[in-house]
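All remarks here apply to the structure that follows.
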Amino acid sequence: MADWDWNSTSARESLVLPRVDALAIYANSNGEIVLRQQGMDGHDDSIVIIPKAQAQVVINAIADMLADK
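For the sequence shown, my numbering gives the first residue as -17, with consecutive numbering after it.
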């Protein structure tokens, strides 16, 4: 495996899952949905807060995007 080169054409063609930073989903103290992505190299985490009342709108938008493949 020492001869593996992530920058080679064959490696890029073989890549099935690019790096994804850790993602947590939880409820905050106000009952809102929090999506928190781990910051890399000492950077702050990215945080998106979605009111529960709007969660289905977000879910539907994601589902629509997946259906448009």
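Built from N, CA and C at the ideal position, the CB exists for glycine as well. Computed from a predicted model, the values in this text were never measured in an experiment.
Mind reading off the beta-carbon distance from K34 to I15? Whole number of angstroms is fine, and I expect it under 8 Å.
-> For this step, residue 34 is matched to residue 52 along the sequence shown. For this step, residue 15 is matched to residue 33 along the sequence shown. Contact holds; Cβ gap of about 6 Å.
To the nearest whole angstrom, what separates the beta carbons of I29 and R18, a pair I think is in contact under 8 Å?
-> Taking the first residue of the sequence shown as position 1, residue 29 is located at position 47. Taking the first residue of the sequence shown as position 1, residue 18 is located at position 36. That pair is a contact at about 5 Å.
So the beta strand (DSSP E) R1 belongs to, where does it begin and stop?
-> Looking up residue 1 in the sequence shown gives position 19. Element bounds for R1: n/a, residue is neither H nor E.
Cβ shell of V40 (< 6 Å), same chain only, five flanking positions each side left out | Numbered from its first residue, the sequence shown carries residue 40 at position 58. I32, listed in sequence order.
Endpoints, alpha helix (DSSP H) assigned at Q38 | Position 56 of the sequence shown, counted from the first residue, corresponds to residue 38. From DSSP, the alpha helix (DSSP H) with Q38 extends over A37 to A49.
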